[in-house]
Amino acid sequence: MLDQKTLDNLWDFDNPELSEQRFREAMADEKYDADERAELATQLGRAIGLQGRFEEADALLDAIDSEDEPTIGVRIILERGRVLNSSGHPQMAVPLFEQAAELGDHLGEEFLAVDALHMLAIADADHAELWTRSALEYASTAYDANTRRWMIALHNNLGWILHRSGRLTEALVEFQLAEQWAERVGTPAQQQYAREAIAECEHALAS
């Protein structure tokens, strides 16, 4: 199977059209075997879904063969959930994300398990804090370095959940933890974003 970093290098989440092109080109590259091309196809489906072409994304995910590789099956379930969530059906996406989290954990696919928990916090907004704390607990004990990088986004997400509910002191703690993780394992952009969140929260506390 492909390393998560390989997939991440093909992604530009600010430009799903470019990401689609990259994944199509990668799938045509003979250096990847059938299972790897299937894994790339799940990300192609995600890129297509991000452009609002939901039926096309569903059809592509339907066509992927995951019979011999359970990790691909987890990715398919996860991306189906994302398509449902993006198309305005978050409650229909919830059981898919739950299944992806459970299967990812069972297979030892830590990154995918945390990704699914993170998506549950988005789709099941009434329980966003619970799902985000579950994702944080899971990611904090992960062996995989890529999975531990989730700590930046998850602390940031929890900070904004708390901020919106008026729990500003708790939110500030989460933003500070996001900054600490960003300084350890994040990008300069993540470090800057964390500092901006802290400044905004401190301003709200002083108001």
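Numbers 2 to 208, taken from the working numbering, label the letters of the sequence shown in order. Glycine included, every Cβ here is placed at the ideal spot set by N, Cα and C. Model, not experiment: these values are computed from the prediction.
Problem - Alpha-carbon spacing of Gly167 relative to Asp127, whole angstroms - result: 16 Å
Handout entry: Classification of Asp116 by the beta-carbon crowding that lies within 10 angstroms, buried from 16 upward
Key = buried
Practice task
Kindly list the residues whose CB is nearer than 7 Å to the CB of Ser135, restricted to its own chain and excluding five residues on each side of it in sequence; keep chain order.
Solution key: Leu118
Problem - Enclosing alpha helix (DSSP H) for Ile65 [first to last residue] - result: Segment: none, Ile65 is in no alpha helix (DSSP H) and carries neither H nor E.
Practice task
Please decide whether Arg38 counts as near chain B, where near means a Cβ-Cβ distance under 7 Å.
Solution key: Here there is only one protein chain, and chain B is not present.
Problem - For Ser208 and Ala222, the rounded distance between their alpha carbons - result: Beyond the ends of the chain as shown, which are 2 and 208, falls residue 222; an answer cannot be given.
Problem - Cβ shell of Val186 (< 6 Å), same chain only, five flanking positions each side left out - result: Arg150
Problem - Every unbroken beta strand (DSSP E) within the stretch 141 to 184, with a cutoff of 3 residues, ordered by chain - result: none
Exercise for the section: Determine the extent of the alpha helix (DSSP H) in which Leu113 is found, giving its start and end residues. Expected result: Glu111 to Ala124
Handout entry: Extent of the continuous alpha helix (DSSP H) run through Ser20
Key = Pro17 to Met28
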